[in-house]
Structure formats: structure tokens, C-alpha cells
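Counting from 1 along the sequence shown, just add 8 to a position and that's the residue number in the numbering used here.
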Amino acid sequence: MDLDQIRQNARHAAAADIFATMASEEKSQQLLARLGAQTNAQIDFSARYEGIPTEQLETYRALVKGQDNPFLQELGKVDGLLQAGDIILCTGETIGAKVITKGQKLLNDNARSSHVALIHADFVCVDAMPGDGVTNRLVSEVLTKVKPDWRVIRCKKLTQEHTDAVYRACAYYLAQPYKILPSKKPMKTAAYCSELARKVFLHTGITGIGIPNDSVLTPGRFDDLVDNHPEWEDVTEQVRPAIDFCMKYPELMKVSARLMIEGLKLNRKRFEERKEQVQQIQLLASRKKIPKEKAKEMIKAIREIENDMNHKFWDHSK
């Protein structure tokens, strides 16, 4: 087990403890009281660990202590500007991004974006990246090292009634491997950025929005949609205050969003553990270590747990 895995396991354990505490109102209040009772020296130590800039240290102290602060005041002004399902279009500064952009111009002269990310919830995105696959990232992370001409676009048919479907779809594809294949149909076991966006929108059931289900989909296709399709609009200026807020407080946003991100990672880890249990039971049954009927009962019990979960994942049936 490498160091990164050890750290991830520690984060999972910490997240599990926090969620167990949150399940009890009394324990939640006790935890908040303990956090608020910390000395400035203790809070400053955690601030250094979190990478909080010196000029935002007072704000961080107030945040931990549950006091009013500039971060919360500014958050209140931009809360709700970004909506689940909004799409960030951007162009990276790497050579690979330039190659993608130029290649797309063969199909669409107006293509300018090399990457697509979706707003999962609040200021947390979901996107597919080389190496990492499908993960949650903050808006500030998505818009780091990109050209300044990024845009945020919105599907007009996507309303509040679709929010839950978008949220579940974004979580569904977490941990899917990154792979670029010239696939006309949505890929079931891999994703790249624009292809992930297509799959999320297919989950909503919304039709007539120009996202094809039978042709290769590139980031530049979304440029074309917002420029030419009546069901898409450019909301960049409308949401810019929210983006500016994210870019101003990236470290504080990371702290604030950790519960959501780590919570979904924990859901995914528990799913993988159940999946391994099923495989182990099947192996024991094949070796006649346990009766087949007993194995069926055990697997059925695990499947029932799976069906009761709030989140399911793309490889749940394997």
C-alpha cells in the first residue's frame, strides 16, 4: 500500500467518523462546541495544514468558531448563481489542449474549448481528466491554468425539478476511468470530459437540446450549442461573481466542500467493499467452501443493501 492510499484510507475513516457524529444531534452539537472552543494557536495550526493564506487567517478562525465573517457574507451574495448541470467550457494552456482545439476546428470553425466540466452541486464540479478519471473538483481547480476566455453555459430546459437527477448522475459516474475513444454511443465503462456531460444529460431524460446520442461528441460541440442552439444560453456574466468568489477563496472553499466530496468518496469505497464481498462469496461457493444456497442468500442480502443506497455507481451490476 503506497502513501497516497494510506492517506486516502485515513480520510475515509475520518469521514465515516464525522457522518456517524452527524447522525446524532447531540453529538453534532458537542463537536461544534469543541471546534469553537479551540484556541487561536490550535486553529492556526490547522490553517497551515489547509494552506489558508495569512490574509485569510482571521476569516478561517471565525469560520471554525461559527462566527460571522467575510467568507460567509460574500457566499450569501453568490449562493445559487451556479446551478447543478451548468457547464464550464474552457481551454487549457497545455500542448495537448492546443492539439484538441485545433483538431476540433476541422469539424467546427467556432470550436474553442478543450475541456468540459459540469457543476455537480454548489461550487463543486465533476469532470473526467487523464489519470484521475471522473472525480469531483472545485470550480477554482477546474479554472486553474486555463485561458481567460472560459464560459459557463446553461440548458434552458434544465429546471429545479431535474436537480436531483443531475446530482445522482454526476455521482453515478465517479471513478470511471478516463479514455478517449471515437465512440458514437455513450461509453459504459469509461469517459472523457464532453462524453461525461452527454451521459449526465441523458440521465435527466431531457430531449431536444442538441446533444447527440449517435455521434462522437467533442468539447467544441458545446461551443456550437451555446452559439447556435435555442435551448442553450451563455450565463457567464450572470455567474461571474460566483466564479470570482471561488477564485478568491480556493482554500476555504476546499474546506467547506470537503464533507460533500469525501462523503461521496466514502460511498464509493463502501460500494467497492460490497462488490469485493460478492466476489469473495462467489469464489468460496465455486470452491465448495460454502453451500450455493447460502451464497445466494448472502449475495441477495448485499444486493438489497445496494438497492437501498442513495447513490449507485456505473459498475454496480458487475
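C-beta: ideal position from N, C-alpha, C; glycine also. These numbers come from a predicted model, not from an experiment.
Residue i and residue j closer than 8 Å at C-beta
i, j, result
"C163", "G93", "yes"
"D242", "I161", "yes"
"N144", "V134", "yes"
"L83", "L182", "no"
"L210", "P194", "yes"
"H128", "Y180", "no"
"L126", "A250", "no"
"K187", "D222", "no"
"T244", "R159", "yes"
"V132", "I269", "yes"
"N275", "H324", "no"
"L259", "P78", "Note on residue identity: the sequence assigns Glu, not Leu, to residue 259. Going by C-beta atoms, E259 is not nearer than 8 Å to P78."
"M255", "L151", "yes"
"R69", "I51", "yes"
"I313", "V286", "no"
Segment limits, alpha helix (DSSP H) that includes residue i
i, result
"D252", "244-256"
"R145", "Segment 141-146 is the beta strand (DSSP E) holding R145; no alpha helix (DSSP H) there."
"V208", "201-212"
"M306", "300-316"
The ligand MG heavy atom lying under 7 Å from the CB of residue i
i, result
"E63", "The ligand MG is not among the ligands present in this structure, which contains no ligands whatsoever."
Residue i, buried or exposed, once every other Cβ within 10 Å from all chains shown has been counted against 16
i, result
"L189", "exposed"
"Q112", "buried"
"A261", "Rather than Ala, the amino acid found at residue 261 in this sequence is Met. Buried: at least 16 other Cβ atoms inside 10 Å."
"T99", "buried"
"N17", "Model confidence at N17 stands at a pLDDT of 47, short of 50, so the residue's coordinates are unreliable and nothing is read from them."
"E203", "buried"
"S294", "exposed"
"D87", "exposed"
"E106", "In the sequence as displayed, the identity of residue 106 is Lys instead of Glu. By the 10 Å Cβ count, K106 comes out exposed."
"K207", "buried"
"E63", "exposed"
"P227", "buried"
"T109", "buried"
"A31", "Because A31 carries a pLDDT of 45, less than 50, the predicted location of this residue cannot be relied on, and the following value inherits that uncertainty. The residue is exposed, with fewer than 16 neighbouring Cβ atoms inside 10 Å."
"G216", "exposed"
"I219", "buried"
"I103", "exposed"
"F321", "buried"
"G141", "buried"
"A309", "exposed"
Where the beta strand (DSSP E) through residue i begins and ends
i, result
"D135", "132-137"
* Give, in chain order, every unbroken run of the beta strand (DSSP E) that is at least 3 residues long and sits entirely within the stretch 53-130. => 95-98, 123-129
* **Continuous alpha helix (DSSP H) assignments of at least 4 residues falling wholly in the stretch 152-233** => 171-180, 201-212
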